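Take a look at the structure set out below.
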Amino acid sequence: MQPDLSPHLHTDEYEWVWKCTKQERIWRRDTNPSYGKRTYESKRLPIEYWTPTLHKLKSEGKINIDESNGCKI
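Just add 25 to wherever you are in the sequence shown, counting from 1, and you've got this note's numbering.
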């Protein structure tokens, strides 16, 4: 087995970006016009789609995001 040579893949910032893009894909799938009616157009990832990791990082002050300043879609 090869050793893990990519320490940047395990940082808080990387995890935040990965979770954000994953939640963005889920949100876009859920609001896709071909599958259902889009009720509103949001420019940011809604708080109800935040993962526990995002909530934890926000409460620890490691990332500065909220409804108007966060995961931009």
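Where is the CB? At the ideal position from N, CA and C, for every residue including glycine. Remember, predicted model here, so these are calculated numbers, not experimental data.
Through-space distance from residue j to residue i, alpha-carbon basis
| i | j | result |
| --- | --- | --- |
| E40 | R69 | 18 Å |
| K87 | D55 | 29 Å |
| P58 | H80 | 29 Å |
| T46 | K83 | 17 Å |
| Y71 | N89 | Reading the sequence as shown, one finds Pro at residue 71 and not Tyr. P71 and N89: Cα-Cα distance of roughly 15 Å. |
| E38 | E85 | 13 Å |
| T36 | R50 | 21 Å |
Any chain B beta carbon closer than 8 Å to residue i
| i | result |
| --- | --- |
| L82 | Looking for chain B here will not work: only one protein chain is present. |
Contact check, residue i vs residue j, beta carbons under 8 Å
| i | j | result |
| --- | --- | --- |
| Y74 | W52 | yes |
Beta-carbon separation (whole angstroms), residue i vs residue j, contact threshold 8 Å
| i | j | result |
| --- | --- | --- |
| Q48 | T76 | 6 Å |
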